[in-house]
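**Q** Let me give you the structure first, and then I'll get to my questions.
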Amino acid sequence: MSGGERDYFATLDAALKTAGIAQPVMVIDRDRLDANLDALAAVAPPDKALRIVAKSLPSPALLRHVTERLKTDRLMTFSVAMLKQLHGALPGMGHLLGKPVPVAAVAALMEGEPGLRKLATEVVWLVDTVGRIRQYDELARAQGVVLNVAAEIDVGLRRGGFDPQRNLAEGMAALAAADGLRFAGMMGYEPHLPALPSAFGIRARAERDFRSGYGRALEIARSVFGEETVAGAIRNSGGSKTVAARAGDDFINDLSVGSLLLKPLDFDRVERPAMRPAAFIATPVLKKGPFRIPGFGDTRFMQVLLEGGAREAVFIHGGHWLAKPVHPPGLGYSRLVGRSSNQEILVSRGPVAADIDDFVFMRPQQSEAVLLQFGPLAVFSGSEVVGTWETFPPTA
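With the numbering used here, the residue at position 141 of the sequence shown is 1504, and numbering never jumps.
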């Protein structure tokens, strides 16, 4: 760890103590977040809209900050509960559902207060089968409304949706015949591409299949709905690991991104746009001392054999998060003792540069689930905690 990183965490530790924080907390570095947002804006062409993945940044204030800085009003939403939360917290946003939801959930939304009924006719729902098209159409006609829908297309992920080579034409025909539905676009998600090996041309072939599959899907849509309708429709793709690659595809006009803006560990291999980690778990040290293996006394041989030579241990407030310790340097999880969500043990081969009540900092592996586990987010800027951002309830 460089001297600059040590100074950074020392400043963050002092800021949390000054703010009176003495429990596990998720810290958002607003300055780093802003730099990440600017880096994203620099690679996004002006002819493509950015759509923020709400589940990955599950805080109304965080989403407001992100959308305002990026000058976008588009969100990708993943449930009716989330949709209702966002409608109340961030009115006026344009929503594309990121997955199909049961028609009963859509019906329940429409049977609520008048504002929610109107919302149901404004968002873009995702349909993935002919059967779901017919369900949504039946609901819309029974309610006397028209629902906007986008087709989920399988461009290689193999997670459902219409296959452009097999059954998309049938789906588009069913949609065209549905009086209660309006074609609003397509979504083709492709997170599998960067995960594929480059050996033997596997990834390059999958990239070609993605482009040809999406191209074929658009051809089918144009043949059914016409050039003008498809030109004005949502043509969504991309994600945090692929947003830079999709920025260069002229057939895409709607780019999704979320977790990358905080750069959790799972996104460390993303090179473009260049971003820095902006979210950290901070948790106090409760206990500290020599590492001793339960049941084996102080036998150094057993420590070397069973725990890789660990000498010191700290017990932290809470634990068992999807995260990796990054400061103080040298800390890791105990293979022998295991994980704990109460007082998790962290071990080190050398001296631990933290005392009781100092903070251990961890980088989360992902954002969407982990950000919801600590209550309000602590917002860090400059050298102090400048406020908090509430999160959505886990049910959203």
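Just so it is clear, CB atoms sit at the ideal spot from N, CA and C, and this is done for glycine as well.
Round the Cβ separation of V1390 and A1741 to the nearest angstrom and send it over; I've been treating them as touching at under 8 Å.
**A** Looking up residue 1390 in the sequence shown gives position 27. Looking up residue 1741 in the sequence shown gives position 378. Between A1741 and V1390 the Cβ distance is about 5 Å, and since that is below 8 Å, they are a contact.
**Q** Using the Cα positions of A1467 and L1446, report the straight-line distance between them to the nearest angstrom.
**A** Here residue 1467 is taken as the residue at index 104 of the sequence shown, counted from 1. Here residue 1446 is taken as the residue at index 83 of the sequence shown, counted from 1. The alpha-carbon atoms of A1467 and L1446 are separated by roughly 15 Å.
**Q** Tell me whether D1410 is buried or exposed, calling it buried when 16 or more other Cβ atoms sit within 10 Å of its Cβ.
**A** Taking the first residue of the sequence shown as position 1, residue 1410 is located at position 47. Per the 10 Å Cβ criterion, exposed.
**Q** Identify the continuous alpha helix (DSSP H) that holds K1447 and give its terminal residues.
**A** Stepping through the sequence shown from its first residue, residue 1447 is reached at position 84. It spans V1443 to A1452 - the alpha helix (DSSP H) in which K1447 sits, taken as one unbroken run.
**Q** Is the beta carbon of V1518 sitting closer than 8 Å to the one on G1548?
**A** Taking the first residue of the sequence shown as position 1, residue 1518 is located at position 155. Taking the first residue of the sequence shown as position 1, residue 1548 is located at position 185. For V1518 and G1548, no; Cβs fall outside 8 Å.
**Q** Taking S1422 and W1752 to be in contact with their CB atoms under 8 Å, please state how far apart those CB atoms are, rounded to whole angstroms.
**A** For the purposes of this step, residue 1422 is taken as residue 59 along the sequence shown, with counting starting at 1. For the purposes of this step, residue 1752 is taken as residue 389 along the sequence shown, with counting starting at 1. Contact flag correct, Cβ pair sits at about 5 Å.
**Q** To the nearest angstrom, how far is the alpha carbon of P1454 from that of L1699?
**A** Along the sequence shown, read from residue 1 onward, the residue named residue 1454 stands at position 91. Along the sequence shown, read from residue 1 onward, the residue named residue 1699 stands at position 336. Approximately 50 Å, taken between the alpha carbons.
**Q** Please state whether DSSP places E1553 in a helix, a strand or coil.
**A** Looking up residue 1553 in the sequence shown gives position 190. DSSP places E1553 in coil when its eight states are reduced to three.
**Q** Kindly identify the DSSP beta-bridge partner or partners of Y1696.
**A** Walking along the sequence shown from the start, residue 1696 turns up at place 333. Y1696 is bridged to L1709.
**Q** Measure the alpha-carbon distance for R1432 versus L1400 and round it to whole angstroms.
**A** Translated into positions along the sequence shown, residue 1432 becomes position 69. Translated into positions along the sequence shown, residue 1400 becomes position 37. Taking the straight line from one Cα to the other gives about 7 Å.
**Q** Keeping to the same chain, check which residues put their C-beta closer than 6 Å to that of D1394; ignore five residues upstream and five downstream.
**A** Here residue 1394 refers to the residue found at position 31 when the sequence shown is read from its first residue. Correct list, in chain order: S1744.
**Q** Using the C-alpha atoms, what's the distance from P1554 back to R1521?
**A** For the purposes of this step, residue 1521 is taken as the residue at position 158 of the sequence shown. For the purposes of this step, residue 1554 is taken as the residue at position 191 of the sequence shown. The alpha-carbon atoms of R1521 and P1554 are separated by roughly 11 Å.
**Q** So, helix, strand or coil for L1420, using DSSP?
**A** To locate residue 1420, count along the sequence shown from 1; it is residue 57. DSSP places L1420 in coil when its eight states are reduced to three.
**Q** When the Cα of F1525 is compared with those of K1462, L1479, L1482 and E1570, which residue comes out closest?
**A** Taking the sequence shown and counting its residues from 1, the one referred to as residue 1525 is at position 162. Checked all of K1462, L1479, L1482 and E1570; the closest Cα to F1525 is K1462.
**Q** To which residues of the same chain is P1653 closer than 6 Å at the C-beta, ignoring the five residues directly before and after it?
**A** Looking up residue 1653 in the sequence shown gives position 290. Excluding positions up to five away in sequence, the list is empty.
**Q** Considering Cα atoms alone, identify which of A1580, F1441, A1470 and V1416 is closest to S1619.
**A** On the sequence shown, position 256 is the one that residue 1619 refers to. For S1619, the nearest C-alpha among the options comes from V1416.
**Q** Return helix, strand or coil for V1587, following the three-state DSSP convention.
**A** As a first step, residue 1587 is located in the sequence shown; it is residue number 224 there, counting from the start. Helix, per DSSP.
**Q** Figure out for me which residue from A1607, A1532 and K1604 has the closest Cα to the Cα of R1585.
**A** Within the sequence shown, residue 1585 is the residue found at index 222, counting from 1. Comparing Cα positions, the closest option is A1532.
**Q** Quick one, are the C-beta atoms of A1732 and V1388 less than 8 Å apart?
**A** For the purposes of this step, residue 1732 is taken as residue 369 along the sequence shown, with counting starting at 1. For the purposes of this step, residue 1388 is taken as residue 25 along the sequence shown, with counting starting at 1. Going by C-beta atoms, A1732 is not nearer than 8 Å to V1388.
**Q** Hey, out of F1643, L1623 and A1642, whose CA is closest to E1634's CA?
**A** Translated into the one-based positions of the sequence shown, residue 1634 becomes position 271. Selected option, being the one with the closest Cα: L1623.
**Q** Could you give the first and the last residue of the continuous alpha helix (DSSP H) run that contains I1656?
**A** For the purposes of this step, residue 1656 is taken as the residue at position 293 of the sequence shown. Careful: I1656 lies outside any alpha helix (DSSP H) and carries neither H nor E.
**Q** Can you tell me whether E1707 is buried or exposed, with buried defined as 16 or more other CB within 10 angstroms of its CB?
**A** If you number the sequence shown from 1, residue 1707 lands on position 344. E1707 comes out buried.
**Q** Cα-Cα, which of A1377, Q1448 and H1690 is closest to A1424?
**A** Taking the sequence shown and counting its residues from 1, the one referred to as residue 1424 is at position 61. The shortest C-alpha separation from A1424 is found at Q1448.
**Q** For the beta strand (DSSP E) containing L1489, name the first residue and the last one.
**A** Residue 1489 sits at position 126 when you count from the first residue of the sequence shown. Segment V1487 to V1490, the beta strand (DSSP E) holding L1489.
**Q** Per DSSP, S1619 forms a beta bridge with which residues?
**A** Stepping through the sequence shown from its first residue, residue 1619 is reached at position 256. Answer is R1414.
**Q** How big is the Cα-Cα spacing for N1599 and T1430?
**A** The count along the sequence shown starts at 1 and reaches residue 1599 at position 236. The count along the sequence shown starts at 1 and reaches residue 1430 at position 67. Roughly 17 Å between the two C-alpha positions.
**Q** Taking L1510 as the reference, give the member of L1544, G1451, E1501 and V1715 with the closest Cα.
**A** Along the sequence shown, one-based indexing puts residue 1510 at 147. Selected option, being the one with the closest Cα: L1544.
**Q** So what does DSSP say about V1466, is it helix, strand or coil?
**A** Looking up residue 1466 in the sequence shown gives position 103. Looking at V1466 - three-state DSSP - the assignment turns out to be helix.
**Q** Could you give the DSSP three-state label for N1399: helix, strand or coil?
**A** Numbered from its first residue, the sequence shown carries residue 1399 at position 36. Three-state result, N1399: helix.
**Q** Excluding the 5 residues preceding and the 5 following A1539 in the sequence, name in chain order all residues of the same chain whose CB lies nearer than 8 Å to its CB.
**A** Locating residue 1539 in the sequence shown gives position 176, where the first residue counts as 1. Closer than 8 Å at the Cβ level, and outside the excluded window around A1539, lie F1546, V1587 and F1588.
**Q** Would you mind sorting R1639 into buried or exposed? The rule is 16 or more other CB atoms within 10 Å of its CB.
**A** Counting from 1 along the sequence shown, the entry for residue 1639 is found at position 276. R1639 comes out exposed.
**Q** Helix, strand or coil: which one does DSSP assign to A1394?
**A** As a position in the sequence shown, residue 1394 is number 31, starting the count at 1. The question names Ala, but residue 1394 is Asp in the sequence shown. In the structure shown, D1394 sits in a helix (DSSP, three-state: H, G or I).
**Q** Roughly how many whole angstroms lie between the Cα atoms of A1404 and G1713?
**A** Indexing the sequence shown from 1 puts residue 1404 at position 41. Indexing the sequence shown from 1 puts residue 1713 at position 350. Roughly 43 Å between the two C-alpha positions.
**Q** Going straight from the alpha carbon of N1616 to that of I1496, what length do you get?
**A** As a position in the sequence shown, residue 1616 is number 253, starting the count at 1. As a position in the sequence shown, residue 1496 is number 133, starting the count at 1. Cα-Cα distance, rounded: 24 Å.
**Q** CA-CA distance, K1604 and P1557?
**A** Taking the first residue of the sequence shown as position 1, residue 1604 is located at position 241. Taking the first residue of the sequence shown as position 1, residue 1557 is located at position 194. In a straight line, the C-alpha of K1604 is about 7 Å away from that of P1557.
**Q** Please work out which residues of its chain come closer than 8 Å, Cβ to Cβ, to G1534, disregarding the five sequence neighbours upstream and downstream, and give them in chain order.
**A** In the sequence shown, counting from the first residue as 1, residue 1534 sits at position 171. Closer than 8 Å at the Cβ level, and outside the excluded window around G1534, lie V1490, T1492, V1493, I1496, A1514 and F1525.
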